[in-house]
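Taking it in order: structure first as structure tokens, then the write-up.
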Amino acid sequence: METATLSSKGQIVIPKPIRDAHRWKAGTRLVVEDSAEGILIRPAHSFPGTELLQGLGCAGYKGTVIPFDKMNSKVDQAIRKEWRGRKRS
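Encoded structure:
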């Protein structure tokens with residue numbers, strides 16, 4: 022277990038073995054969350070979380086819109102065709 026000391030400015034230095042284990046370099050953005058057990062420190066995501074539909078606009082598809090149910094049935098057919106005749110382990 023490593024320890025750290027809180028400075029008068031409210032800063033702590035994360036011990037080097039922990040920084041090295043997580044590959045955290047100077048300037049790494051971290052999220053600090055309060056929890057029932059104490060605090061949790063983890064790396065901040067570079068990009069905010071998005072849903073699939075939010076990202077589809079950058080895909081550049083200009084063709085006819087295919088409904089999800091039709092697309093899913095075609096994917097299911099392709100998977101079944103690929104796996105047909107294979108033995109399960």
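Numbering follows this note's numbering, in which position 54 of the sequence shown is assigned residue number 75; successive positions increment by one, without gaps. Glycine included, every Cβ here is placed at the ideal spot set by N, Cα and C. Computed from a prediction, not measured in an experiment: that's the story for all the values here.
First and last residue of the uninterrupted beta strand (DSSP E) at residue i
i     : result
Arg63 : 59 to 64
Leu51 : 51 to 56
CB contact flag (residue i, residue j, <8 Å)
i     : j     : result
Pro38 : Ala25 : no
Ala42 : Leu51 : no
Glu72 : Leu61 : no
Start and end residues, alpha helix (DSSP H) containing residue i
i     : result
Val96 : 89 to 104
Leu77 : That residue, Leu77, is in no alpha helix (DSSP H); it is neither H nor E in DSSP.
Lys37 : 37 to 43
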